[in-house]
Structures are given as structure tokens and as C-alpha cells.
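Visitor: Mind having a look at this structure? Questions to follow.
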Amino acid sequence: KLLSLFLYCFGTFYTFLGMHVVCEEYFVHAVNIVVEITGMPEDVAGATLLAIGSSVPEVLAATVGVFLAGAGDTGLGTVVGSLVFNMLVITGACILLYP
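One rule links them: number in the working numbering = place in the sequence shown (from 1) + 63.
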């Protein structure tokens, strides 16, 4: 049990470290390039582009879960839930507040 706990904690830490490296090296750099090209304020880019980018894995997982048989018990409510809120409401509110 102690080895399982250690492996679980190590795997969790390694996953978070990997996510940090990918986000810091690629995702933030790509958003900075978009900010430079479009002239968009950094806070607007952070709220909109990062909200959209962080929701893409959920879109793919929900789409696979709904349309592929045997892919899990992901229901249509998952697709309509927080995903729609993140991609439409938050992005739309940022566009309305900072035109």
C-alpha cells in the first residue's frame, strides 16, 4: 500500500509538472504572440483565449463520450454543462465588456 501511495503521488506530481511545462512554454507564448499581432489587451486575451484553450480538452472528451459507443458514460449533459458556459458566456462577456 505504501508503494501504491508513493506511485500515485509521484504520478500526480509528474502530471502537474508536465502540464506546467507545456502551458508555460507553448500556451502562454502562443497567447503572447496573438496579443502582439492583434493588439488585444493582455487581460482580455487571458480571459478569452485561455478560457477557450482550457476548454478544448473537455470538448474532445465530451464529443468522444457522446458519439462513440462504449467510450464511457459521458452524457449529453456534460457537453451542455460547464463547457458551454466557459466557451460562450465567459468569452461573450469579455467581448461585451472590452470591445
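Yeah, the Cβ is synthetic: ideal placement off N, Cα and C, and Gly gets one too.
#1: Can you give me the C-alpha to C-alpha distance between Leu-112 and Lys-64, rounded to a whole angstrom?
#2: What does the Cβ neighbour count give for Val-94, buried or exposed, with the cut at 16 atoms within 10 Å?
#3: Where do the ends of the alpha helix (DSSP H) carrying Ile-153 lie?
#4: Secondary structure at Leu-68, three-state DSSP: helix, strand or coil?
#5: Express the C-alpha separation of Leu-68 and Ile-100 in angstroms, rounding to a whole number.
#6: By DSSP, does Met-82 sit in helix, in strand, or in coil?
#7: What did DSSP end up calling Leu-131 once you bin it into helix, strand or coil?
#8: Tell me whether the beta-carbon of Ile-96 lies closer than 8 Å to the beta-carbon of Thr-154.
#9: In or out: Ala-125 buried (at least 16 other Cβ within 10 Å) or exposed?
Guide: Judging by the given coordinates:
#1: 42 Å
#2: buried
#3: That residue, Ile-153, is in no alpha helix (DSSP H); it is neither H nor E in DSSP.
#4: It is helical.
#5: 47 Å
#6: helix
#7: Residue state, collapsed to three classes: coil.
#8: no
#9: buried
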